[in-house]
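Enquirer:
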Amino acid sequence: MTQTAPLVELPDFPEEIKADPGDLPYNDEQLLRMYSAMRLARTFEEKLAALYRQGKIFGAVYLGMGQEATSVGAASLLEKGDLFTTVARNLSAWFYRGVEPKHVLARWFGKDQPPSRGRELGLFLADIENYGIAPYHNGSMASWIPSGAGFALAFKLRGQPNICLAFTGDGATSPGDFYEGLNFAAIHKLPLVIVCEVNQFAYSTPCAKQMPVKNVADRAPAFNIYAETAFGNDLFTVIEAARRGIEHARSGRGPALIEFKTFRQRGHGEHDDCGYVSAEIRQFWEARDPLKMYWRWLVERAKILPGLLARIDQVAARQVDEAVSYAESLPFPRPETVTERLFAPSPHDPKPDEKRAVYEPIERPAIPSLMDAKERQDGGHF
Amino acid sequence: MTQTAPLVELPDFPEEIKADPGDLPYNDEQLLRMYSAMRLARTFEEKLAALYRQGKIFGAVYLGMGQEATSVGAASLLEKGDLFTTVARNLSAWFYRGVEPKHVLARWFGKDQPPSRGRELGLFLADIENYGIAPYHNGSMASWIPSGAGFALAFKLRGQPNICLAFTGDGATSPGDFYEGLNFAAIHKLPLVIVCEVNQFAYSTPCAKQMPVKNVADRAPAFNIYAETAFGNDLFTVIEAARRGIEHARSGRGPALIEFKTFRQRGHGEHDDCGYVSAEIRQFWEARDPLKMYWRWLVERAKILPGLLARIDQVAARQVDEAVSYAESLPFPRPETVTERLFAPSPHDPKPDEKRAVYEPIERPAIPSLMDAKERQDGGHF
Amino acid sequence: MAQMTYLQAISDALRTEMRRDQSVILLGEDIGVFGGAFKITQGFLDEFGEDRVIDTPISESGFVGAACAAATVGFRPVVEFQFIDFIACAFDQIVNYAAKCYYRWGIAVPVVFRGPTGGGIHAGPYHSQNPEAWFAHTPGLKVVLPSTARDAKGLLVAAIRDNNPVIYLENKFLYRHYREDVSDAEYVVPMGVAALRTEGSDLSIISYGAAVHLCVEVARNLEREGVSAEVIDLRSLAPLDKDTFLESVKKTSRALVVHEANLTAGFGAEVAAIIAEEAFDYLDAPVMRVASLDVPVPFSPPLEMAILPSVDKITRAARRLLDY
Amino acid sequence: MAQMTYLQAISDALRTEMRRDQSVILLGEDIGVFGGAFKITQGFLDEFGEDRVIDTPISESGFVGAACAAATVGFRPVVEFQFIDFIACAFDQIVNYAAKCYYRWGIAVPVVFRGPTGGGIHAGPYHSQNPEAWFAHTPGLKVVLPSTARDAKGLLVAAIRDNNPVIYLENKFLYRHYREDVSDAEYVVPMGVAALRTEGSDLSIISYGAAVHLCVEVARNLEREGVSAEVIDLRSLAPLDKDTFLESVKKTSRALVVHEANLTAGFGAEVAAIIAEEAFDYLDAPVMRVASLDVPVPFSPPLEMAILPSVDKITRAARRLLDY
Ligand SMILES: Cc1ncc(C[n+]2csc(CCOP(=O)(O)OP(=O)(O)O)c2C)c(N)n1
Ligand SMILES: Cc1ncc(C[n+]2csc(CCOP(=O)(O)OP(=O)(O)O)c2C)c(N)n1
Ligand SMILES: [Mg+2]
Ligand SMILES: [Mg+2]
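Respectively, the protein sequence lines represent chains A, B, C and D.
The C-terminal position of the first sequence is numbered 639 in this note's numbering, with every residue numbered one higher than the one before it.
The C-terminal position of the second sequence is numbered 639 in this note's numbering, with every residue numbered one higher than the one before it.
The C-terminal position of the third sequence is numbered 331 in this note's numbering, with every residue numbered one higher than the one before it.
The C-terminal position of the fourth sequence is numbered 331 in this note's numbering, with every residue numbered one higher than the one before it.
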């Protein structure tokens with residue numbers, strides 16, 4: 258009865274980045290910073306997968322390989338004071354923002370690494386001060402869209418010229434929270450930018466079973482917001498589309514929904530054999546690997562010396578090795594700490610001396626009775 | 258910060274029904290059946306309001322005055338086997354389908370009237386056998402949209418040529434359930450018809466604070482479904498628009514969202530003084546009272562004798578009076594019945610003799626331990 | 008000092024805190040122009056403006072999620088549920104975001120969720136529920152339930168100033184049926200300290216919320232028979248002031264737990280379990296509970312009254328305990 | 008008879024019922040082509056087709072609502088939550104539609120909500136929760152939690168044939184860690200009848216779900232010391248077989264309640280409260296509880312293990328009771 262995934266008609270995305278270096282506002286340093294973040298994430302995730310297979314990681318592992326251009330491209334546009342939230346596939350965005358690989362791996366190892374200190378998977382991170390990564394609820398899909406509206410609301414109420422950028426997946430566009438959060442943001446014209454990475458699947462579910470529309474951006478009219486659909490593996494296409502969305506939101510014209518077509522190169526998690534992914538799709542996207550495309554563009558178009566990139570690759574490899582030794586050497590959190598930090602200290606927490614119950618009689622108890630007319634009136638107030 | 262309700266630009270809805278009786282497929286009997294239902298609801302609700310003011314009704318009272326055309330028009334198109342669900346303002350739809358006013362009033366009085374037997378307000382009703390009114394959750398707004406999808410799913414799975422018609426309000430288009438239910442129905446092309454009565458307010462909240470779009474139907478592209486917006490106080494406009502939606506759904510082309518602009522003539526509930534409703538809006542809609550419009554059309558265009566309508570009005574008045582005496586005479590449910598009918602009897606409910614606990618040892622207990630590799634793999638399956 | 012209804016005390020607490028702290032904002036349905044379904048925020052829109060009194064669409068999960076996020080970056084949102092029953096629509100954001108954020112990241116979520124609970128006004132299954140047990144079972148949430156106007160104000164002020172998510176449960180029957188002298192000055196009732204509503208030595212009646220009023224009435228009646236019952240109003244379930252009721256039970260050796268929520272797996276079970284474990288040696292009789300029957304709250308008055316705890320039911324239970 | 012894992016027994020029950028009753032349909036995320044996150048419905052799509060094995064979008068409230076409605080008109084939907092944690096997203100439809108429909112209208116809602124619960128596999132705060140208390144407190148819902156493969160099959164068959172909404176909670180650690188002989192024939196384990204996992208006269212240990220395995224281990228250890236503990240597996244919280252544990256406690260005079268969900272306001276409190284009221288005269292010691300600590304389930308193994316009940320923790324509590 259459910260329509261099965263239609264035979265994939267593949268889009269005509271190019272296998273190379275078309276942008277002319279001359280037209281771009283970036284110097285080599287900026288170009289290489291983006292490359293470094295993408296490469297570091299790729300190398301890190303390859304190692305993480307290996308560690309998982311060796312049984313060195315507790316629980317499951319999820320990778321973002323193949324989506325580095327969307328993450329880095331969008332993250333590269335964030336300005337001071339902006340906030341962003343990430344999902345399972347945005348490691349490269351963290352690295353672009355300066356998150357330390359060794360800290361991430363330490364969390365994957367369940368070690369005593371702030372801020373989670375062993376309480377959360379390495380997959381998630383919230384750290385406003387250091388990286389502008391806002392706290393979000395990483396359990397339920399799309400729960401971060403209402404959160405994004407809330408961060409954007411805070412900016413608007415303070416008259417702050419900032420935006421909140423929320424990464425999200427295609428599957429995460431189905432829960433009610435996606436709708437309620439975006440509806441609220443649209444009504445109040447909040448500076449919320451949703452970067453939706455359509456990586457073809459939600460776990461094993463293809464978009465055709467997830468939504469009755471071809472593109473997530475097709476849903477924008479329901480919110481009367483700015484939206485675009487673009488190819489997500491071309492770093493500069495990503496940057497241009499994301500910039501338009503961010504400028505729209507920053508200028509007070511309300512939320513933007515920027516959709517990028519990309520591909521989850523690995524399984525939903527490393528335990529997933531991806532039996533449901535056709536070779537056809539896989540090949541199409543492998544030919545468009547965002548990191549390869551960017552490497553070639555840097556060398557062929559931006560005239561960066563391959564050796565320079567090779568050195569960056571080596572640095573990434575070294576950082577990841579160091580991350581492993583750091584993570585291994587770090588201690589586990591002490592079991593006694595497990596009950597700490599459940600409640601934040603508050604000004605009126607009862608002091609030991611206040612803990613004595615007071616005698617405060619109730620003079621005239623109020624008790625429901627059937628036939629009191631006043632009560633019926635009061636009952637009416639809803 | 259929130260934009261206040263914009264000065265209402267009033268639409269150019271006519272004050273009279275334009276349809277030519279000659280073009281319509283109805284005989285007098287059918288025309289009068291619709292009039293009777295509308296009139297009966299109006300008379301019933303006037304009485305209910307009076308009873309409320311006299312303190313004769315427990316709790317609150319909600320009326321649908323002014324929306325009789327949408328309710329009756331849409332309900333008149335239901336066929337054998339179809340199901341429908343109603344919200345607070347669809348009393349006239351019940352009456353059109355044959356629900357007895359005295360039974361409704363008895364429920365308002367909290368009397369022992371099936372099927373609710375005092376457990377639910379008179380405002381709600383579920384009775385599939387007798388009226389095709391499907392059970393729905395009347396607490397949370399829009400919770401009935403997923404329900405509607407479920408009834409429609411049942412039809413589709415059985416290859417039954419029926420539809421589910423779900424009445425809903427403008428405010429009820431904001432909850433996530435509206436989106437999730439409609440998304441599910443759209444993906445599976447289920448025969449669900451949503452009749453959205455935009456009566457200008459959700460409690461005190463105007464549409465401009467409820468949604469970032471002008472019309473609910475503007476949201477249809479998000480679901481890739483059939484949608485229309487029409488004037489809801491002209492009975493035949495309602496019927497035509499609703500018919501197109503129902504035919505679309507019945508023919509297997511998926512859900513339809515038919516929006517009717519109408520007006521809630523009373524407060525959200527009778528306790529509500531409507532201070533937030535401008536005289537301007539009120540007058541505009543009073544001039545377009547659906548019952549008055551239909552009455553004039555029947556007399557002036559369909560050449561029905563006023564005396565005939567007067568007699569129908571008298572019958573309605575009498576039915577309502579009888580309803581009051583019936584409701585008053587009926588007993589309250591017996592308190593002892595309050596714990597009955599919580600669980601439906603089931604084939605394997607333990608018989609008294611089965612109630613003895615059996616001895617079934619566990620030979621090899623399975624106990625989590627930190628370092629079991631297999632466990633880690635299993636942990637990976639998500 | 009001024010005579011205030013329970014409802015006015017809530018309004019007063021909100022107004023007081025909004026005046027002293029700009030970061031306090033309100034979100035909810037119909038709270039602005041209309042002043043709220045029960046008129047608790049009447050006049051707030053005029054005084055504090057649209058930026059701080061935000062009318063929301065009907066999207067509990069959406070505005071709860073937004074409020075939680077705003078709370079992590081410096082605001083102190085107070086979210087109104089038109090009826091607490093609809094908190095079920097925001098359940099995930101509350102139990103999974105609000106409750107867990109600080110534990111996971113050390114980022115505090117100072118947000119208050121408030122709304123009308125309880126029956127007795129013939130509002131039927133969807134406008135009468137008492138959800139406290141769901142949240143008291145969820146680590147990371149504070150849960151308070153005032154039974155008097157004074158506590159309604161003092162606990163709400165404490166809740167707003169608290170750096171954690173607080174579920175503040177109001178009783179809608181008390182809104183306009185209970186009135187007492189309340190200081191118009193600023194004051195706080197700390198969360199986690201019970202109150203004694205009567206003092207006594209023969210029996211401990213442990214309760215909270217509107218049911219406390221029934222218990223006080225029962226204690227008064229018993230007093231005429233020469234029985235002195237101590238009525239303990241927990242006021243807060245999380246944090247829980249167990250010392251107070253354990254001390255009382257150790258003194259009286261008899262414990263009766265009363266609440267309006269339905270019995271099974273209600274919070275009364277937790278209180279009874281604590282007593283059965285920590286005051287066992289002092290008990291001269293079984294720990295008994297009186298609560299609503301385990302059914303949805305029916306609309307019809309005779310049915311509704313049949314499921315709710317009542318002075319009679321509590322008195323009968325008390326007598327059984329005393330005669331034990 | 009065939010050796011089956013707990014997980015295979017669940018699949019077997021689903022397959023058995025789908026073969027015998029056309030009205031049984033499955034809804035959930037990734038249950039079709041993929042066979043479910045844990046592979047419970049592997050091969051079902053091929054055998055039963057897309058009409059009966061329905062892959063849903065990520066919309067728990069949407070497909071739960073749809074399933075409940077379909078249940079009222081002749082279907083028997085079984086809804087899979089990929090992880091039970093996400094049941095929070097469908098909370099309103101479950102506690103307000105499924106639980107109340109029959110009481111309000113006399114229209115039955117034969118639907119099963121199933122999914123993996125529990126910790127011990129280092130899945131962190133959002134993939135390890137135990138939500139049974141929320142639902143056991145909600146009138147109109149049945150709640151069952153199998154601890155063995157045999158019960159997993161028999162209880163699921165009973166749940167599917169039941170005419171009421173049933174919350175069927177699986178333990179994901181047991182999925183592949185527990186295996187036993189299970190009849191491949193059709194059979195039913197009625198809901199509301201407890202099972203004795205060990206028989207004994209010195210102490211009653213009342214538990215359910217995966218924690219039962221810990222209790223059995225404890226009973227074995229104590230046995231070597233000459234102590235005979237009776238381990239009672241409730242199997243179902245609603246309906247609750249209180250006769251069985253009351254009888255046991257009246258025999259042993261000592262009661263220990265154990266579950267994996269966090270302690271406060273957990274279902275163990277209800278069991279303890281019932282014992283404290285109805286078996287009071289027979290008790291020689293306090294009623295004790297062992298459960299998870301009141302925090303979200305942390306990811307890091309040493310932390311997770313620190314909060315979960317363990318053989319040691321239960322043994323210590325048992326000794327305290329025995330020495331009392
Ligand atoms: C409400 C909810 N239901 C189910 C899940 C289980 N789940 C985790 S990730 C996932 C798929 C997400 O797909 P998508 O949003 O496309 O992100 P991607 O994994 O493709 O990056 C699902 C179903 C969840 N996390 N939340
Ligand atoms: C989830 C939820 N939140 C809040 C409410 C309280 N409430 C009852 S009716 C209503 C307004 C509904 O407006 P609309 O959908 O336009 O229907 P109308 O009353 O105008 O017919 C509200 C907010 C509710 N029933 N459900
Ligand atoms: Mg995806
Ligand atoms: Mg409306």
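By construction, the Cβ of each residue, glycine as well, lies at the ideal position given by its N, Cα and C atoms.
Spell out the partners DSSP gives Lys-149 (chain C) in its beta bridges.
Expert: Walking along the third sequence from the start, residue 149 (chain C) turns up at place 142. BP columns for Lys-149 (chain C) point to C:Val-173.
Enquirer: So Leu-244 (chain C) and Ala-143 (chain C) are supposed to be a Cβ contact under 8 Å. How far apart are they, rounded?
Expert: Your numbering for residue 244 (chain C) matches position 237 in the third sequence. Your numbering for residue 143 (chain C) matches position 136 in the third sequence. Their Cβ separation, rounded to whole angstroms, is 4 Å, which keeps Leu-244 (chain C) and Ala-143 (chain C) in contact under 8 Å.
Enquirer: Rounded C-beta distance between Val-363 (chain B) and Ala-498 (chain B)? I'm assuming under 8 Å.
Expert: Here the question's residue 363 (chain B) lines up with position 106 in the second sequence. Here the question's residue 498 (chain B) lines up with position 241 in the second sequence. In the sequence as displayed, the identity of residue 363 (chain B) is Ala instead of Val. The Cβ separation is near 35 Å, so there is no contact.
Enquirer: Any C-beta of chain B sitting closer than 7 Å to the C-beta of Val-278 (chain C)?
Expert: Along the third sequence, one-based indexing puts residue 278 (chain C) at 271. So no, Val-278 (chain C) is outside the interface.
Enquirer: Ends of the alpha helix (DSSP H) at Ile-482 (chain A)?
Expert: The residue you call residue 482 (chain A) lines up with position 225 of the first sequence. It is not in any alpha helix (DSSP H) - Ile-482 (chain A) carries neither H nor E in the DSSP assignment.
Enquirer: Whether or not the region 236-251 of chain D and the region 151-161 of chain D are in contact is what I'm after, with contact meaning three or more pairs of Cβ atoms, one per stretch, closer than 8 Å; do they touch?
Expert: Yes, the region 151-161 of chain D is in contact with the region 236-251 of chain D.
Enquirer: Report yes if the C-beta distance between Pro-138 (chain D) and Ile-91 (chain D) is below 7 Å; otherwise report no.
Expert: The count along the fourth sequence starts at 1 and reaches residue 138 (chain D) at position 131. The count along the fourth sequence starts at 1 and reaches residue 91 (chain D) at position 84. In contact: Pro-138 (chain D) and Ile-91 (chain D) (Cβ atoms closer than 7 Å).
Enquirer: Pick from D:Ala-159, D:Thr-63 and D:Met-25: whose alpha carbon is nearest that of Ser-461 (chain A)?
Expert: Counted from its first residue, the first sequence places residue 461 (chain A) at position 204. Closest by alpha carbon: D:Thr-63.
Enquirer: Output yes if chain A places a C-beta closer than 7 Å to the C-beta of Pro-625 (chain B); else output no.
Expert: As a first step, residue 625 (chain B) is located in the second sequence; it is residue number 368 there, counting from the start. With 7 Å as the cut-off, Pro-625 (chain B) does not count as an interface residue toward chain A.
Enquirer: Counting beta carbon pairs with one atom in the region 266-279 of chain A and one in the region 541-548 of chain A, are three or more of them shorter than 8 Å?
Expert: Contact holds: three or more Cβ-Cβ distances are below 8 Å.
Enquirer: Taking the alpha helix (DSSP H) that Asn-490 (chain A) falls in, what are its first and last residues?
Expert: As a first step, residue 490 (chain A) must be located in the first sequence, where it is residue number 233. Segment: none, Asn-490 (chain A) is in no alpha helix (DSSP H) and carries neither H nor E.
Enquirer: If we count the other Cβ atoms within 10 Å of its Cβ and call it buried at 16 or more, is Lys-337 (chain B) buried or exposed?
Expert: Taking the second sequence and counting its residues from 1, the one referred to as residue 337 (chain B) is at position 80. Classification of Lys-337 (chain B): exposed, given that the 10 Å Cβ count is below 16.
Enquirer: Could you please give the first and the last residue of the uninterrupted alpha helix (DSSP H) stretch that includes Asn-440 (chain B)?
Expert: On the second sequence, position 183 is the one that residue 440 (chain B) refers to. Unbroken alpha helix (DSSP H) run through Asn-440 (chain B): 433-444.
Enquirer: For Leu-335 (chain A), collect the residues of the same chain with a Cβ closer than 7 Å to its Cβ; drop the 5 residues on either side in sequence, then sort them by chain order.
Expert: Along the first sequence, one-based indexing puts residue 335 (chain A) at 78. The residues are Phe-341, Gly-389 and Leu-422.
Enquirer: Just to make sure I have the definition right: I need the residues of chain A whose C-beta is within less than 9 Å of the C-beta of Lys-466 (chain B). Which are they?
Expert: By 1-based counting over the second sequence, the position of residue 466 (chain B) is 209. The answer, in chain order, is Ile-444.
Enquirer: Chain C beta carbons: is any one of them nearer than 7 Å to that of Asp-269 (chain A)?
Expert: As a position in the first sequence, residue 269 (chain A) is number 12, starting the count at 1. Not an interface residue.
Enquirer: Quick check on Val-455 (chain B) - is its C-beta less than 7 Å from some C-beta in chain C?
Expert: Indexing the second sequence from 1 puts residue 455 (chain B) at position 198. Chain C contact via Cβ: absent.
Enquirer: I'd like the ranges of any alpha helix (DSSP H) spanning at least 4 consecutive residues and lying wholly in the region 271-336 of chain B.
Expert: Listed in chain order, they are 285-310 and 325-332.
Enquirer: Alpha carbon to alpha carbon, how far is Glu-504 (chain B) from Phe-120 (chain C)?
Expert: Sequence index remark: in the second sequence, residue 504 (chain B) carries index 247 (1-based). Sequence index remark: in the third sequence, residue 120 (chain C) carries index 113 (1-based). Distance between the alpha carbons of Glu-504 (chain B) and Phe-120 (chain C): 45 Å.
Enquirer: Report yes if the CB atom of Ala-513 (chain A) is closer than 7 Å to the CB atom of Asn-481 (chain A), and no otherwise.
Expert: If you number the first sequence from 1, residue 513 (chain A) lands on position 256. If you number the first sequence from 1, residue 481 (chain A) lands on position 224. For Ala-513 (chain A) and Asn-481 (chain A), no; Cβs fall outside 7 Å.
Enquirer: Can you pull the chain D residues whose beta carbon is under 8 Å from the beta carbon of Phe-315 (chain A), in chain order?
Expert: On the first sequence, position 58 is the one that residue 315 (chain A) refers to. Within chain D, the residues near Phe-315 (chain A) are His-129, Phe-306, Ser-307 and Pro-308.
Enquirer: Say whether chain C places a C-beta atom closer than 7 Å to the C-beta of Ala-294 (chain D).
Expert: On the fourth sequence, position 287 is the one that residue 294 (chain D) refers to. Sequence check: residue 294 (chain D) is Val here, not Ala. At least one chain C Cβ lies under 7 Å of Val-294 (chain D).
Enquirer: Please name the residue or residues paired with Ser-190 (chain D) in a DSSP beta bridge.
Expert: In the fourth sequence, residue 190 (chain D) corresponds to position 183, counting from 1. DSSP lists no partner for Ser-190 (chain D).
Enquirer: Suppose you measure from the CA of Pro-469 (chain A) to the CA of Gly-330 (chain B); what does that come to, to the nearest Å?
Expert: Sequence index remark: in the first sequence, residue 469 (chain A) carries index 212 (1-based). Sequence index remark: in the second sequence, residue 330 (chain B) carries index 73 (1-based). Approximately 29 Å between the Cα atoms of the pair.
Enquirer: Any idea what DSSP makes of His-525 (chain B), helix, strand or coil?
Expert: Counting from 1 along the second sequence, the entry for residue 525 (chain B) is found at position 268. DSSP places His-525 (chain B) in coil when its eight states are reduced to three.
Enquirer: Just the C-alpha distance for Phe-45 (chain D) and Ile-212 (chain C), rounded to the nearest angstrom, thanks.
Expert: Looking up residue 45 (chain D) in the fourth sequence gives position 38. Looking up residue 212 (chain C) in the third sequence gives position 205. Roughly 49 Å separates the two Cα atoms.
Enquirer: Does Val-358 (chain C) come within less than 7 Å of chain A when only Cβ atoms are used?
Expert: With chain C covering 8 to 331 only, the question about residue 358 (chain C) has no answer from this structure.
Enquirer: Within this structure, are the beta carbons of Leu-599 (chain B) and Val-302 (chain C) separated by less than 7 Å?
Expert: Counting from one through the second sequence, the residue named residue 599 (chain B) turns up at place 342. Counting from one through the third sequence, the residue named residue 302 (chain C) turns up at place 295. Yes, they are a contact pair.
Enquirer: If the criterion is Cβ atoms closer than 7 Å, does the pair Gln-86 (chain D) and Leu-34 (chain D) meet it?
Expert: Numbered from its first residue, the fourth sequence carries residue 86 (chain D) at position 79. Numbered from its first residue, the fourth sequence carries residue 34 (chain D) at position 27. Before going further, note that residue 86 (chain D) is Val rather than Gln in the sequence given. For Val-86 (chain D) and Leu-34 (chain D), yes; Cβs fall inside 7 Å.
Enquirer: Who are the near neighbours of Val-264 (chain D) in its chain, counting only those whose CB is closer than 6 Å to its CB and skipping five residues on each side?
Expert: Position 257 of the fourth sequence, counting from 1, holds the residue named residue 264 (chain D). Taken in chain order, the residues that qualify are Ile-213, Gly-275, Val-278, Ala-279 and Arg-296.
Enquirer: Going along chain C in order, which residues have a C-beta closer than 9 Å to the C-beta of Trp-141 (chain D)?
Expert: Walking along the fourth sequence from the start, residue 141 (chain D) turns up at place 134. Neighbours of Trp-141 (chain D) on chain C, chain order: Phe-98, Val-102, Ala-140, Trp-141, His-144, Thr-145 and Ala-272.
Enquirer: Shorter than 6 Å, the distance from the beta carbon of Tyr-533 (chain A) to the closest heavy atom of ligand 1, or not?
Expert: Residue 533 (chain A) sits at position 276 when you count from the first residue of the first sequence. Tyr-533 (chain A) Cβ: outside cutoff for every heavy atom of ligand 1.
Enquirer: Kindly indicate if chain A contains any beta-carbon less than 7 Å away from that of Ala-479 (chain B).
Expert: On the second sequence, position 222 is the one that residue 479 (chain B) refers to. With 7 Å as the cut-off, Ala-479 (chain B) counts as an interface residue toward chain A.
Enquirer: From the DSSP secondary-structure annotation, give me the bridge partner or partners of Gln-10 (chain D).
Expert: Here residue 10 (chain D) is taken as the residue at index 3 of the fourth sequence, counted from 1. Its beta-bridge partners are D:Asp-188.
Enquirer: Could you list the residues in the region 536-547 of chain B with a C-beta less than 8 Å from some C-beta on chain C, going in chain order?
Expert: If the cut-off is 8 Å between Cβ atoms, the region 536-547 of chain B has nothing near chain C.
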